[in-house]
Amino acid sequence: MATNAQDLGRLPAWKRRDHARLPRYASNVMVMIGSGNDRLSARMAGEPSRKERPSWGRLFGRAMLVALAAAAIGTGWDYVRFVGGIEAREPVATPRTDAIVVVTGGSQRVGDAIGLLGADRGARLLISGVNEKTSREELARLNPAARDLLACCVDLDYRARNTIGNAIETRRWVRQHRFQSLLVVTSNYHMPRTLAEFAHAMPGVRLVAHPVVTDQLDSTGWWRRWATVKVLVPEYVKFRVSRLRSLFESDPESSRLSVIIGGRKPVSPKPPDAIGPEAEKRSHLRGGSPPQG
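Residue numbers (this note's numbering): 240 to 532.
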């Protein structure tokens with residue numbers, strides 16, 4: 240009996256009709272003995288059909304899902320490590336360094352830095368990122384016991400606009416005074432990114448961290464406090480972006496990446512003697528008020 244369409248076409252009409260009348264089980268028997276439809280024969284032999292084989296698009300989609308899941312797990316684990324590295328307590332003992340720098344952003348930071356200067360933890364203090372309207376006299380009113388220190392041993396930086404700018408201006412100050420070691424004062428959650436920026440800008444300077452811990456942000460049990468999560472998650476992202484950016488730039492001061500990521504130049508284009516309160520340019524606080532001129 241004919242087994243394919245070509246042979247079937249050669250048969251007389253009455254034989255073709257007989258073939259068409261074959262019951263279904265007979266057709267299956269023909270398939271099993273090697274005749275009939277080739278695709279069905281291949282399926283009966285255990286060979287997957289074209290429709291059963293996964294397409295390249297489906298394989299790519301599955302691979303992407305696996306990669307995204309792995310990235311999410313890795314990022315989550317890295318975030319937990321980041322939060323776990325944030326100091327929950329201020330250091331009991333602070334080693335002495337050549338100088339001290341405090342990054343503005345909270346009054347407690349400046350107060351702690353002035354206290355460290357008074358405790359002779361450094362010979363000089365830089366307050367980086369001071370508001371243009373804040374004068375040395377105002378700082379003296381907030382810290383009356385430190386008036387003499389503010390007059391003799393404290394420098395104010397009005398040009399830094401963000402953490403990248405803090406690193407750039409601190410580097411300029413360190414080079415001017417030829418300091419070799421630096422005590423860095425900032426909030427505990429901000430310390431990882433600050434140290435990353437400072438190390439990138441000043442690779443030859445020894446950095447010692449002095450994290451400031453406030454009651455407003457407790458990193459222990461952070462997952463139970465939405466207010467803490469809103470601070471730590473963006474800070475983690477900024478920290479990772481900072482580390483990634485440092486791989487592609489040699490100097491933050493001349494890098495376009497610093498401008499793009501910060502949204503503006505990290506340092507004000509104004510010269511140091513043209514920025515800040517006018518009283519700050521004339522006053523040395525030695526008489527309690529700036530001289531008139």
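Positions of the beta carbon are idealized from the N, C-alpha and C atoms, including for glycine.
Everything numeric in this text was worked out from a predicted model, so none of it was measured.
Residue interval of the beta strand (DSSP E) (run including residue 472)
Looking up residue 472 in the sequence shown gives position 233. Residue 472 -> not in any beta strand (DSSP E); alpha helix (DSSP H) instead, spanning 465-485.
Here's the rule I'm using: 16 or more other beta-carbon atoms within 10 Å means buried, otherwise exposed. How should residue 240 be labelled?
As a working mapping, residue 240 is identified with position 1 in the sequence shown. For residue 240, the predicted structure reports a pLDDT of 46, less than 50, and the residue's modelled location is therefore unreliable. A value from the coordinates is still provided. Exposed: under 16 other Cβ atoms inside 10 Å.
Measuring CB atoms only, is the stretch 488-497 touching the stretch 398-410, in the sense that at least three cross pairs come out at less than 8 Å?
yes
Buried/exposed call for residue 436, threshold 16 Cβ in 10 Å
Your numbering for residue 436 matches position 197 in the sequence shown. Counting Cβ neighbours within 10 Å, residue 436 comes out buried, since at least 16 surround it.
Following a CB-centred definition, is residue 512 positioned closer than 7 Å to any heavy atom of the ligand FAD?
Within the structure as shown, the ligand FAD is missing, as the structure has no ligands at all.
Strictly by DSSP, which residues pair up with residue 450?
Here residue 450 refers to the residue found at position 211 when the sequence shown is read from its first residue. Partner(s): 425.
Do residue 433 and residue 423 count as a contact pair if the criterion is CB distance below 8 Å?
Counting from one through the sequence shown, the residue named residue 423 turns up at place 184. Counting from one through the sequence shown, the residue named residue 433 turns up at place 194. Yes, these two residues count as a Cβ contact at 8 Å.
Measure from the alpha carbon of residue 514 to the alpha carbon of each residue in 501, 418 and 374, then state which is nearest.
The count along the sequence shown starts at 1 and reaches residue 514 at position 275. Closest by alpha carbon: 374.
Determine the direct distance from the alpha carbon of residue 311 to that of residue 486, and round the result to whole angstroms.
Sequence index remark: in the sequence shown, residue 486 carries index 247 (1-based). Sequence index remark: in the sequence shown, residue 311 carries index 72 (1-based). One C-alpha to the other measures close to 22 Å.
What are the uninterrupted segments assigned as alpha helix (DSSP H) that are 4 or more residues long and contained completely in the stretch 338-399, given in chain order?
346-357, 375-381 and 386-391
Using DSSP's beta-bridge definition, name the partner residues of residue 319.
Here the question's residue 319 lines up with position 80 in the sequence shown. Partner(s): none; residue 319 has no beta bridge.
Would you mind giving the Cβ-Cβ distance between residue 353 and residue 428, rounded to the nearest angstrom? I have them listed as a contact below 8 Å.
Position 114 of the sequence shown, counted from the first residue, corresponds to residue 353. Position 189 of the sequence shown, counted from the first residue, corresponds to residue 428. At roughly 21 Å, the Cβ-Cβ gap does not stay under 8 Å, so residue 353 and residue 428 are not in contact.
If we count the other Cβ atoms within 10 Å of its Cβ and call it buried at 16 or more, is residue 461 buried or exposed?
As a position in the sequence shown, residue 461 is number 222, starting the count at 1. Result: buried.
For the alpha helix (DSSP H) holding residue 496, just list the boundary residues, first then last.
Reading the sequence shown from its first residue, position 257 is the one you call residue 496. 495-501 is the extent of the alpha helix (DSSP H) around residue 496.
Given residue 396 as reference, the closest of 419, 349 and 381 once Cα atoms are compared
Mapped onto the sequence shown, residue 396 falls at position 157. The shortest Cα separation from residue 396 among 419, 349 and 381 belongs to 349.
Is the distance from the Cβ of residue 419 to the Cβ of residue 445 below 8 Å?
The sequence position of residue 419 within the sequence shown is 180, counting from 1. The sequence position of residue 445 within the sequence shown is 206, counting from 1. Cβ distance < 8 Å, so residue 419 and residue 445 count as in contact.
Counted within 10 angstroms of its Cβ, other Cβ atoms place residue 440 as buried (16 or more) or exposed
Taking the first residue of the sequence shown as 1, we reach residue 440 at position 201. Result: buried.
Hey, out of 309, 481, 343 and 362, whose CA is closest to residue 391's CA?
Here residue 391 is taken as the residue at index 152 of the sequence shown, counted from 1. When only C-alpha atoms are compared, the closest one is 362.
Three-state secondary structure (DSSP) at residue 445?
Indexing the sequence shown from 1 puts residue 445 at position 206. Correct three-state label for residue 445: strand.
Relative to the C-alpha of residue 426, which residue among 413, 411 and 449 is closest?
Working through the sequence shown from its first residue, we reach residue 426 at position 187. For residue 426, the nearest C-alpha among the options comes from 449.
Would residue 329 pass as a contact of residue 452 if the rule is Cβ separation under 8 Å?
Against the sequence shown, residue 329 aligns to sequence position 90. Against the sequence shown, residue 452 aligns to sequence position 213. For residue 329 and residue 452, yes; Cβs fall inside 8 Å.
Report the partner residues of residue 506 according to the DSSP bridge assignment.
One-based indexing of the sequence shown puts residue 506 at position 267. For residue 506, which the question treats as bridged, DSSP gives the partners 399.
In DSSP terms, what residue 420 is bridged to
Here residue 420 refers to the residue found at position 181 of the sequence shown. For residue 420, which the question treats as bridged, DSSP gives the partners 445.
Once you ignore the five residues that flank residue 337 on each side, which residues in its own chain have a CB closer than 6 Å to its CB?
The residue labelled residue 337 in the question sits at position 98 within the sequence shown. Counting only Cβ-Cβ distances below 6 Å, and skipping sequence neighbours, we find 418, 419 and 420.
Alpha helix (DSSP H) containing residue 432: first to last residue?
Taking the first residue of the sequence shown as 1, we reach residue 432 at position 193. First-last of the alpha helix (DSSP H) with residue 432: 430-440.
Going by beta-carbon coordinates alone, are residue 366 and residue 333 separated by less than 8 Å?
Counting from one through the sequence shown, the residue named residue 366 turns up at place 127. Counting from one through the sequence shown, the residue named residue 333 turns up at place 94. No; because the gap between Cβ atoms is not below 8 Å, this pair is not in contact.
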